[in-house]
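Novice:
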Amino acid sequence: MAKSSRLMPRDQTAHPRAYWPDYKTSVARSPRNALLSLEPTVTEETGPVFGHDILGKYDNDLIQNFTQGASLAIGERIRVHGRVQDENGRAVANALIEVWQANAGGRYRHVKDGYFAPLDPGFGGCGRTITDDDGCYEFMTVKPGAYPWPNRANDWRPAHIHFSLFGASFGQRLISQMYFEGDPLIRLCPIAATIEDQGQLDRLVAPLDMAASRPMDYLAYKFDIVLRGRRQTMFENKPEGL
Amino acid sequence: MVQPLDINRETPSQTAGPYVHIGCIPTFAGITTIYPEDLGLSPFSDGAKGDLITITGSIFDGTGWALRDAMVESWQADAAGNYPGQPGADPSVTGFCRFAADKDSGEFTLKTIKPGPPGSQAPHIALWVVARGINTGLSTRIYFPEDDHGSDPVLTRIEQRHRVDTLIAKKTGDARYRFDIRLQGEGETVFLDM
Ligand SMILES: [Fe+3]
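Chains as they are written, first to last, in this note's numbering: chain A, 106 to 347; chain B, 219 to 412.
This is how it looks when you write it as structure tokens:
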């Protein structure tokens with residue numbers, strides 16, 4: 106381990122509260138005791154490495170990957186792109202990004218999803234990509250539909266894409282969701298509301314990016330992501346392994 | 219006023235939701251045409267040094283119900299205590315595994331090789347638990363009852379000594395362990411911010 110690259114403590118105020126009564130499932134699934142805060146060890150400083158060689162031709166094209174190009178998914182064609190950097194503004198290269206989402210009608214291809222919007226025979230609902238040397242990524246998909254879910258009497262999820270990110274170490278692991286600019290359901294959503302800081306929630310809302318769209322083909326949305334950073338110190342005097 | 223520090227804030231977490239399997243373990247979820255196999259099927263391959271062990275357990279909510287929808291990731295060192303990428307690391311150990319609670323029983327199984335001690339830490343497997351209702355993924359660790367925990371930085375820092383037991387697997391047979399995670403309530407697992 107390079108001694109100048111220890112993970113910074115996680116800013117827990119950047120994240121949602123674990124206990125959020127309006128999101129009913131969180132009530133019994135939120136720890137009541139405080140987290141045990143410690144300096145990261147080698148366990149958190151290291152992490153799995155995924156090479157670009159795991160990526161198949163259609164992995165970052167959710168419009169085609171379920172049928173491997175045999176047919177196209179139904180829905181509004183969009184390109185999602187952005188840059189992954191850390192808290193210090195350094196690009197995170199080789200970050201594995203996995204995404205999953207409902208189809209254009211708001212239905213997931215999952216045994217537990219019983220919503221009566223139809224499955225799309227041309228859409229699986231997942232994809233993955235790896236950031237380049239500048240931390241940039243992109244994928245093609247269809248805009249997911251909003252969907253109702255059992256929580257309060259009439260709750261609907263805003264259109265969203267789930268994101269899973271691996272940085273360079275296990276201590277940077279993050280799962281989040283991307284929302285879409287202008288969606289009136291965001292301010293009604295108790296899951297979005299778990300992020301009390303409006304400025305932080307805004308950072309999950311991807312703006313329409315006409316400059317990155319392609320005429321007569323797709324619209325684009327830009328979604329930048331910040332992972333936990335590494336401290337910039339000249340030296341460390343703690344014994345190795347701690 | 220002072221100069222700005224120019225520190226970015228981390229992107230906030232959101233729950234992985236009930237369909238995390240689609241994105242992280244799609245083959246497990248029945249989506250088999252996109253990738254050849256799921257990532258993290260096993261943390262080791264043939265030829266890995268060390269003792270093969272099996273850990274089973276469940277993740278219980280505050281009412282005592284075992285979650286059926288959780289996904290867990292594990293990260294560990296090889297039998298000598300080296301992490302992948304470190305000098306001397308066993309090339310047959312990837313160290314990373316993904317597994318899910320069974321949709322009917324809520325039980326998970328992790329088949330792995332027993333890790334060695336990384337530096338002065340006791341042997342352990344780091345876990346990251348995500349599910350519907352968990353707004354930020356929860357980190358914890360599995361330790362083993364037969365090891366010396368005296369110099370471990372995590373276990374020695376737990377003030378309420380009875381809570382140490384929540385991080386130590388129970389031996390249930392030859393090379394078999396049980397490790398239950400309790401999200402809330404009596405016996406609540408110690409979760410880590412590291
Ligand atoms: Fe969702």
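Glycine included, each C-beta is placed from N, C-alpha and C at the ideal position.
In this text, all values refer to a predicted model and were calculated from it rather than measured experimentally.
Excluding five sequence neighbours on each side, which residues of the same chain lie with their C-beta closer than 6 Å to the C-beta of alanine 234 (chain B)?
Specialist: Reading the second sequence from its first residue, position 16 is the one you call residue 234 (chain B). Excluding sequence neighbours, alanine 234 (chain B) sits near Val348.
Novice: Any idea if proline 305 (chain B) is buried or exposed, counting beta-carbon neighbours within 10 angstroms, 16 or more meaning buried?
Specialist: Residue mapping note: residue 305 (chain B) aligns to position 87 of the second sequence, counting from 1. Around the C-beta of proline 305 (chain B), fewer than 16 other C-beta atoms lie within 10 Å, and the residue is accordingly described as exposed.
Novice: Am I right that isoleucine 194 (chain B) and lysine 332 (chain B) are in contact with their C-beta atoms under 8 Å? What's the rounded C-beta distance?
Specialist: Here chain B comprises residues numbered 219 to 412, so residue 194 (chain B) is not present and cannot be evaluated.
Novice: Specify the secondary structure class of histidine 120 (chain A) as computed by DSSP and reduced to three states.
Specialist: Taking the first sequence and counting its residues from 1, one reaches residue 120 (chain A) at position 15. Correct three-state label for histidine 120 (chain A): coil.
Novice: Cβ atoms of glycine 250 (chain A) and asparagine 208 (chain A): under 8 Å apart, would you say?
Specialist: Working through the first sequence from its first residue, we reach residue 208 (chain A) at position 103. Working through the first sequence from its first residue, we reach residue 250 (chain A) at position 145. Contact flag set, yes.
Novice: Is there a Cβ of chain B sitting closer than 8 Å to that of valine 147 (chain A), yes or no?
Specialist: The sequence position of residue 147 (chain A) within the first sequence is 42, counting from 1. Interface residue, yes.
Novice: Decide if phenylalanine 221 (chain A) is buried, meaning its Cβ has at least 16 other Cβ atoms within 10 Å, or exposed.
Specialist: In the first sequence, the residue the question calls residue 221 (chain A) occupies position 116. By the neighbour-count rule (16 or more Cβ atoms within 10 Å), phenylalanine 221 (chain A) is not buried but exposed.
Novice: List the residues of chain B that glutamine 117 (chain A) touches, going by C-beta distances under 9 Å, in chain order.
Specialist: Here residue 117 (chain A) is taken as the residue at index 12 of the first sequence, counted from 1. Ordered by position in chain B, the residues that pass the 9 Å Cβ test against glutamine 117 (chain A) are Thr354, Asp411.
Novice: Anything in the segment 319-341 of chain A with a Cβ closer than 7 Å to a Cβ of chain B? List those residues in chain order, please.
Specialist: Sequence-ordered contacts of the segment 319-341 of chain A with chain B read Ile330, Val331, Leu332, Arg333 [C-beta pairs closer than 7 Å].
Novice: Assuming histidine 239 (chain B) is part of the alpha helix (DSSP H), what are its boundary residues?
Specialist: Within the second sequence, residue 239 (chain B) is the residue found at index 21, counting from 1. Counting along the chain, the alpha helix (DSSP H) containing histidine 239 (chain B) begins and ends at 238-242.
Novice: Under DSSP, the beta strand (DSSP E) around glycine 304 (chain A) begins and ends at which residues?
Specialist: Along the first sequence, one-based indexing puts residue 304 (chain A) at 199. Unbroken run through glycine 304 (chain A) is the alpha helix (DSSP H), 303-307; no beta strand (DSSP E).
Novice: For a contact defined as C-beta to C-beta under 8 Å, what are the partners of histidine 380 (chain B) on chain A?
Specialist: Indexing the second sequence from 1 puts residue 380 (chain B) at position 162. Residues of chain A passing the Cβ test: none, with the nearest at roughly 12 Å.
Novice: Given a limit of 9 Å on CB to CB distance, which residues of the segment 213-228 of chain A reach chain B?
Specialist: Flagged, chain order: Tyr213, Arg214, His215, Val216, Lys217, Asp218.
Novice: Going along the chain, which residues of the segment 231-249 of chain A sit with their C-beta nearer than 9 Å to a C-beta in chain B?
Specialist: Cys231, Gly232, Arg233
Novice: Going along the segment 370-402 of chain B in order, which residues come within less than 7 Å of chain A, judged by CB to CB distance?
Specialist: Pro371, Val372, Arg375, Ile376, Leu401, Gln402
Novice: Take alanine 393 (chain B) and list the residues in its own chain whose beta-carbon comes closer than 7 Å to its own, dropping the five residues that flank it on each side.
Specialist: Stepping through the second sequence from its first residue, residue 393 (chain B) is reached at position 175. Closer than 7 Å at the Cβ level, and outside the excluded window around alanine 393 (chain B), lie Asp269, Leu270, Ile271, Thr272.
Novice: Heavy atom of ligand 1 less than 7 Å from the Cβ of glycine 250 (chain A), yes or no?
Specialist: Start at 1 with the first residue of the first sequence, and residue 250 (chain A) comes out as number 145. No; taking the cut-off as 7 Å, the Cβ of glycine 250 (chain A) has no heavy atom of ligand 1 nearer than that.
Novice: Given that a residue counts as buried once 16 or more other Cβ atoms are within 10 Å of its Cβ, and exposed if not, what is arginine 379 (chain B)?
Specialist: Position 161 of the second sequence, counted from the start, is the residue given in the question as residue 379 (chain B). Classification for arginine 379 (chain B): exposed.
Novice: With a threshold of 16 other CB atoms inside 10 Å of the CB of leucine 167 (chain A), please say whether the residue is buried or exposed.
Specialist: As a position in the first sequence, residue 167 (chain A) is number 62, starting the count at 1. Buried: at least 16 other Cβ atoms inside 10 Å.
Novice: Jot down the residue ranges of each uninterrupted beta strand (DSSP E) in the segment 143-205 of chain A, minimum 3 residues, whole runs only, in chain order.
Specialist: Secondary structure remark: continuous beta strand (DSSP E) runs of at least 3 residues inside the segment 143-205 of chain A, in chain order: 182-191, 201-205.
Novice: Let's see if you can read the secondary structure: which residues bound the beta strand (DSSP E) around serine 281 (chain A)?
Specialist: Along the first sequence, read from residue 1 onward, the residue named residue 281 (chain A) stands at position 176. Unbroken beta strand (DSSP E) run through serine 281 (chain A): 279-285.
Novice: With a threshold of 7 Å (Cβ to nearest heavy atom), would arginine 262 (chain A) be considered close to ligand 1?
Specialist: The count along the first sequence starts at 1 and reaches residue 262 (chain A) at position 157. True, at least one ligand heavy atom lies under 7 Å from that Cβ.
Novice: Can alanine 298 (chain A) and tyrosine 284 (chain A) be called in contact, C-beta distance under 8 Å?
Specialist: Taking the first sequence and counting its residues from 1, one reaches residue 298 (chain A) at position 193. Taking the first sequence and counting its residues from 1, one reaches residue 284 (chain A) at position 179. Cβ atoms of alanine 298 (chain A) and tyrosine 284 (chain A): not closer than 8 Å.
Novice: Among B:Arg396, B:Ile343, B:Ser310, B:Ile352, whose alpha-carbon lies nearest the alpha-carbon of alanine 288 (chain B)?
Specialist: What you label residue 288 (chain B) is simply residue 70 of the second sequence in a count that begins at 1. When each option's Cα is compared against that of alanine 288 (chain B), the closest is B:Ile352.
Novice: Confirm the yes/no value for this check: CB of alanine 207 (chain A), any heavy atom of ligand 1, distance under 7 Å.
Specialist: Residue mapping note: residue 207 (chain A) aligns to position 102 of the first sequence, counting from 1. At a cut-off of 7 Å, the beta-carbon of alanine 207 (chain A) counts as near ligand 1: some heavy atom of the ligand is closer than that.
Novice: Would DSSP call serine 263 (chain B) helix, strand or coil?
Specialist: Here the question's residue 263 (chain B) lines up with position 45 in the second sequence. Coil.
Novice: Pick helix, strand or coil for threonine 354 (chain B), following the three-state DSSP scheme.
Specialist: Within the second sequence, residue 354 (chain B) is the residue found at index 136, counting from 1. Coil.
Novice: Say yes only if the C-beta of glycine 211 (chain A) is nearer than 7 Å to one or more non-hydrogen atoms of ligand 1, and no if none qualify.
Specialist: In the first sequence, the residue the question calls residue 211 (chain A) occupies position 106. Answer for glycine 211 (chain A): no, Cβ out of range of ligand 1.
Novice: With distance defined between alpha-carbon atoms, name the residue in B:Ile249, B:Thr354, B:Gly368, B:Lys321 nearest to phenylalanine 409 (chain B).
Specialist: As a working note, residue 409 (chain B) is residue 191 in the second sequence. Cα-wise, what sits closest to phenylalanine 409 (chain B) is B:Thr354.
Novice: Measuring only the C-alpha atoms, how far is threonine 172 (chain A) from glycine 232 (chain A)?
Specialist: Locating residue 172 (chain A) in the first sequence gives position 67, counting from the first residue. Locating residue 232 (chain A) in the first sequence gives position 127, counting from the first residue. In a straight line, the C-alpha of threonine 172 (chain A) is about 13 Å away from that of glycine 232 (chain A).
Novice: Name the chain A residues whose beta carbon is nearer than 7 Å to that of glutamine 221 (chain B)?
Specialist: For the purposes of this step, residue 221 (chain B) is taken as the residue at position 3 of the second sequence. The contacting residues do not exist; glutamine 221 (chain B) stays about 15 Å from chain A at best.
Novice: Measure the Cβ-Cβ separation of glycine 334 (chain A) and glutamate 192 (chain A) and say whether it is below 8 Å.
Specialist: Within the first sequence, numbered from 1, the residue matching residue 334 (chain A) stands at position 229. Within the first sequence, numbered from 1, the residue matching residue 192 (chain A) stands at position 87. Result yes, Cβ atoms of glycine 334 (chain A) and glutamate 192 (chain A) sit closer than 8 Å.
Novice: Given that a residue counts as buried once 16 or more other Cβ atoms are within 10 Å of its Cβ, and exposed if not, what is asparagine 300 (chain B)?
Specialist: As a working mapping, residue 300 (chain B) is identified with position 82 in the second sequence. With 16 or more other Cβ atoms within 10 Å, it is buried.
Novice: Cβ-heavy atom distance between glycine 235 (chain B) and ligand 1 below 7 Å?
Specialist: As a first step, residue 235 (chain B) must be located in the second sequence, where it is residue number 17. It does: the Cβ of glycine 235 (chain B) is within 7 Å (strictly closer) of some heavy atom of ligand 1.
Novice: Please identify the residue among A:Val132, A:Gly272, A:Glu301 whose C-alpha is closest to the C-alpha of alanine 119 (chain A).
Specialist: Position 14 of the first sequence, counting from 1, holds the residue named residue 119 (chain A). With distances taken between Cα atoms, alanine 119 (chain A) lies closest to A:Glu301.
Novice: What's the gap between the Cα of glutamine 322 (chain B) and the Cα of leucine 285 (chain B)?
Specialist: Walking along the second sequence from the start, residue 322 (chain B) turns up at place 104. Walking along the second sequence from the start, residue 285 (chain B) turns up at place 67. First, the amino acid is wrong: residue 322 (chain B) is aspartate here, not glutamine. Taking C-alpha positions only, aspartate 322 (chain B) is separated from leucine 285 (chain B) by approximately 10 Å.
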